[in-house]
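Below is one structure; the comments refer to it alone.
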Amino acid sequence: MSPKRAKKTATKRVFQALPENTFWIDSDAYDRRVYGHLRSESPSLRALEEHGSTFLPHFGSLLQDIFCLLFKANVIFYPANEVLSSALLNEKFLQAIGQGSQYEFLREQTLLNDARAGLSTLLLGERLLAQIREEKLLSRRDLRDLWNIQKQEELVNQKREEYENAETIPEENLSEDGKKALDKARERMTGEVQGAEALLRHKTTQLKEDLKQIDAKATNRVQAEAIKVAQELEDATEEAETWGSTLGTGEKSPPGQKLELGRRLAGNEKLKKLARMVGRMKFHSLALRKKVFERSSEEVLEVERGDSIHRLLPHEMLTLHHPVLRKDFYRRFLDQELIQYSLRGVEEKGKGPMIVCLDGSSSMAGDKEIWSKAVTLTLLEIARKQRRLFRSICFSSAETPLQVVEMNSRARYETEMDKVMDLAEYFPGGGTDFEKPLTEALECLKKSQFKKGDIVFITDGECQVSPEWAEEFRRKKERLGFSLFSILIDVGSSSLGTLKEFSDRITTIKQLSGDEAKDIFLKF
Numbered sequence: 167m168s169p170k171r172a173k174k175t176a177t178k179r180v181f182q183a184l185p186e187n188t189f190w191i192d193s194d195a196y197d198r199r200v201y202g203h204l205r206s207e208s209p210s211l212r213a214l215e216e217h218g219s220t221f222l223p224h225f226g227s228l229l230q231d232i233f234c235l236l237f238k239a240n241v242i243f244y245p246a247n248e249v250l251s252s253a254l255l256n257e258k259f260l261q262a263i264g265q266g267s268q269y270e271f272l273r274e275q276t277l278l279n280d281a282r283a284g285l286s287t288l289l290l291g292e293r294l295l296a297q298i299r300e301e302k303l304l305s306r307r308d309l310r311d312l313w314n315i316q317k318q319e320e321l322v323n324q325k326r327e328e329y330e331n332a333e334t335i336p337e338e339n340l341s342e343d344g345k346k347a348l349d350k351a352r353e354r355m356t357g358e359v360q361g362a363e364a365l366l367r368h369k370t371t372q373l374k375e376d377l378k379q380i381d382a383k384a385t386n387r388v389q390a391e392a393i394k395v396a397q398e399l400e401d402a403t404e405e406a407e408t409w410g411s412t413l414g415t416g417e418k419s420p421p422g423q424k425l426e427l428g429r430r431l432a433g434n435e436k437l438k439k440l441a442r443m444v445g446r447m448k449f450h451s452l453a454l455r456k457k458v459f460e461r462s463s464e465e466v467l468e469v470e471r472g473d474s475i476h477r478l479l480p481h482e483m484l485t486l487h488h489p490v491l492r493k494d495f496y497r498r499f500l501d502q503e504l505i506q507y508s509l510r511g512v513e514e515k516g517k518g519p520m521i522v523c524l525d526g527s528s529s530m531a532g533d534k535e536i537w538s539k540a541v542t543l544t545l546l547e548i549a550r551k552q553r554r555l556f557r558s559i560c561f562s563s564a565e566t567p568l569q570v571v572e573m574n575s576r577a578r579y580e581t582e583m584d585k586v587m588d589l590a591e592y593f594p595g596g597g598t599d600f601e602k603p604l605t606e607a608l609e610c611l612k613k614s615q616f617k618k619g620d621i622v623f624i625t626d627g628e629c630q631v632s633p634e635w636a637e638e639f640r641r642k643k644e645r646l647g648f649s650l651f652s653i654l655i656d657v658g659s660s661s662l663g664t665l666k667e668f669s670d671r672i673t674t675i676k677q678l679s680g681d682e683a684k685d686i687f688l689k690f
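Take 167 as the starting number for the sequence shown in this note's numbering and just add one per residue.
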């Protein structure tokens, strides 16, 4: 009698897990933290990631890789077998950026500089996304293949998880039929996993072949975009620093804010001209104000001790003529113990808001717009130093909504850069209506706890106002105690009629330069 054969025990199949990594560049905790802070502080970067992820799998990973490629001192790529196949295109982009002389030029500006590396990442990401959307780098079929591979990777992981779950089912309490059914299910799942893996390998192989076909074309296009970014980056960061120093609070701006500012300045010639003009106006106006108001804008507050010769009390000056007391005068001068007046400047007193009504009609386009906004932003800096609230009202026709921007906060009266940029970029065009912005300015002044507010009205045109409105405006102006200073750009005296109805002072500007504006700043 032949011996019974031992029952064959089914062996558990062990499948090799897919990589979980979608990044190509090795990053440490510091790199990820720096990029994470930039991402959290930059709405533009987050919006780009969200938008790009609808076109390309792992677009967010691509952005972080670009940042690391530009920011890190030591760039190390992961081996291909440690990265998901659906991220293969990202490697092609990164290799293209990292080749050629433009990469070294970029690296000189971005190495270990989070703000510049972040701005470069944003600009490159936007340009790559534009190329992808226009199908200049790869076709719609290639994109569909990438998404199919990502879905296939998800399917492989799902089938493996089902197989692993089936392997954990205990067989002790199962009947023979139950065990047979479980074995069949496991065999079926094994086949499904193997089939899904085979299909994934096939699709990956096909994708690699397709990427070889587009490799040269994509490399050239990506490098061309990188060259443009390298050229823009230097100008954009310099202009961002100019804006920060011209309209900043004196504190260091966070990298995310610098990134946003650089993004808005990149390639925007109008904003660059505006930044330069604001810088010139601010320098000249503040120097002139300091010189003119050094004494005339101050009043005696109290008596104090110090060494300011021009503020000494008369009896202190008499001691200089006494042979004995003269030596005591010198001693007290060195010790800052002389009795002098304490002066308080006008800028230290409580004042009402400063409101600038800015004409945004079509005739203001070009140099007039830049000059008028430079005046507005210089007045904003003066208001900040005087600790005054500042509101800008950009107007055009009666049908166009006003752009009303509170430019500084009451807590510290510091400039809010986002609002500055909103004002700088906004230009509605259209016709001209005076009543609507001035009525809005009145509403602001009514809410102020201080009187002696100022309205600055900048326009280049003529607009009729009703006699009833003009009479009511003058009555409210007298009651609220504010001044209205109008600036008329590039027009003759024949156009002053309407402004004379409600203005305290009118200045006519013939040349759009900083010198023409200097007298304006002395009024505040």
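Just so it is clear, CB atoms sit at the ideal spot from N, CA and C, and this is done for glycine as well.
Task: Endpoints, alpha helix (DSSP H) assigned at M587 - done: For M587, the enclosing alpha helix (DSSP H) stretches over residues M583 to E591.
- [ ] Please confirm if the segment 522-531 is in contact with the segment 560-571, defined as three or more CB-CB distances below 8 Å between the two stretches.
- [x] Output reads yes: the segment 560-571 touches the segment 522-531.
Task: Element boundaries [alpha helix (DSSP H), containing I315] - done: Where I315 is concerned, the enclosing alpha helix (DSSP H) stretches over R306 to E333.
Open item on the list: For E606 and L288, what's the separation of their Cα atoms in angstroms?
Closed with: Taking the straight line joining both Cα atoms gives about 38 Å.
Task: Sheet register partners of Y507 (DSSP bridge) - done: As a beta-bridge residue in DSSP terms, Y507 pairs with V469.
Open item on the list: Quick check: what's the CA-CA separation for D599 versus C629?
Closed with: Going from the Cα of D599 to the Cα of C629 covers about 6 Å.
Task: First and last residue of the uninterrupted beta strand (DSSP E) at L650 - done: S649 to I655 is the span of the beta strand (DSSP E), which, as asked, contains L650.
TODO: Would you check if the distance between the CB atom of L348 and the CB atom of E338 is smaller than 9 Å?
DONE: Against a cut-off of 9 Å, the Cβ pair of E338 and L348 comes out as no contact.
- [ ] Name the one or two DSSP bridge partners that Q423 has.
- [x] Within the DSSP bridge table, the entry for Q423 names no partner.
TODO: Let me know the secondary structure DSSP gives E292 once reduced to three states.
DONE: In the three-state DSSP reduction, E292 falls in the helix class (H, G or I).
Task: Status (buried if at least 16 other CB within 10 Å, exposed otherwise) for Y496 - done: By the neighbour-count criterion, in which 16 or more other beta carbons inside 10 Å mark a residue as buried, Y496 falls on the exposed side.
Open item on the list: Distance check for A262 and R306, CA to CA, integer angstroms please.
Closed with: C-alpha separation (whole angstroms): 21 Å.
Task: Terminal residues of the alpha helix (DSSP H) in which R554 lies - done: Following the DSSP letters along the chain, one finds R554 in no alpha helix (DSSP H), marked with neither H nor E.
- [ ] Output yes or no for whether 9 Å exceeds the beta carbon distance between T625 and G596.
- [x] Not closer than 9 Å, so no.
Task: Limits of the beta strand (DSSP E) - the one that L524 falls within - done: Its beta strand (DSSP E) spans residues M520 to D525.
Open item on the list: Can you give me the C-alpha to C-alpha distance between M355 and K325, rounded to a whole angstrom?
Closed with: Cα-Cα distance, rounded: 7 Å.
Task: Cα-Cα separation, F651 to F259 - done: Each residue's Cα considered, the two are about 56 Å apart.
- [ ] Could you check what DSSP says for T598 in three-state terms: helix, strand or coil?
- [x] DSSP, read as helix, strand or coil, puts T598 in coil.
TODO: Count the other CB atoms, across all protein chains shown, that sit within 10 Å of the CB of H224; report buried if there are 16 or more and exposed otherwise.
DONE: Burial call: buried.
Task: Expected contact under 8 Å - CB spacing of D308 and K369 to nearest Å - done: Cβ atoms of D308 and K369 stay farther apart than 8 Å, at about 12 Å.
TODO: Starting from F259, follow the alpha helix (DSSP H) in both directions and report where the run begins and ends.
DONE: L254 to I263 is the span of the alpha helix (DSSP H), which, as asked, contains F259.
Task: For E400, the three-state DSSP class (helix, strand or coil) - done: Helix.
TODO: List the endpoints of the continuous alpha helix (DSSP H) containing R671.
DONE: Secondary structure note for R671: it is in no alpha helix (DSSP H), and the uninterrupted beta strand (DSSP E) holding it is R671 to I675.
Open item on the list: Across the segment 436-443 and the segment 395-406, are there enough close Cβ pairs to call them in contact, namely three or more that are closer than 8 Å?
Closed with: When C-beta atoms of the segment 436-443 are compared with those of the segment 395-406, three or more pairs fall below 8 Å, so the two segments count as touching.
- [ ] Taking only runs that begin and end inside the segment 209-257, name each unbroken alpha helix (DSSP H) of 4 or more residues, in chain order.
- [x] Entirely contained in the segment 209-257, the alpha helix (DSSP H) runs reaching 4 residues are, in chain order, 209-218 and 225-237.
Task: Close beta carbons around E319, own chain, < 8 Å, minus the five adjacent residues each side - done: Taken in chain order, the residues that qualify are L184, L250, S251, S252 and L366.
Open item on the list: Closest to Q379 by C-alpha separation, out of L303, K551, A540 and D343, would be which residue?
Closed with: For the set L303, K551, A540 and D343, the Cα lying nearest the Cα of Q379 is the one of L303.
- [ ] Kindly list the residues whose CB is nearer than 6 Å to the CB of E301, restricted to its own chain and excluding five residues on each side of it in sequence; keep chain order.
- [x] Taken in chain order, the list of residues that qualify is empty.
Open item on the list: Spatial neighbours of A636 within its chain, please: C-beta separation below 7 Å, excluding the five flanking residues on both sides.
Closed with: Here the set comprises E667 and F668.
Open item on the list: Let's test the definition: count the other Cβ atoms within 10 Å of the Cβ of Y196 and tell me whether it reaches 16, buried, or not, exposed.
Closed with: When all chains shown are included, Y196 counts as exposed.
Open item on the list: Let's see if you can read the secondary structure: which residues bound the beta strand (DSSP E) around T625?
Closed with: Here the beta strand (DSSP E) through T625 covers D620 to T625.
TODO: Verify whether the separation of the beta carbon atoms of L646 and L608 is less than 9 Å.
DONE: Cβ distance < 9 Å, so L646 and L608 count as in contact.
Open item on the list: Tell me the DSSP secondary structure of F499 in three-state form.
Closed with: When secondary structure is reduced to three states using DSSP, F499 falls in the helix class.
TODO: Please work out which residues of its chain come closer than 8 Å, Cβ to Cβ, to Y592, disregarding the five sequence neighbours upstream and downstream, and give them in chain order.
DONE: Cβ within range, chain order: G526, C560 and Q569.
- [ ] Spell out a yes or no on whether the segment 222-238 and the segment 277-288 are touching, meaning 3 or more CB-CB pairs, one atom from each, closer than 8 Å.
- [x] Cβ pair count under 8 Å is three or more, so yes.
Open item on the list: Rounding to the nearest angstrom, what Cα-Cα distance links E274 and D194 in this structure?
Closed with: Spanning the alpha carbons of E274 and D194 requires a straight line of approximately 21 Å.
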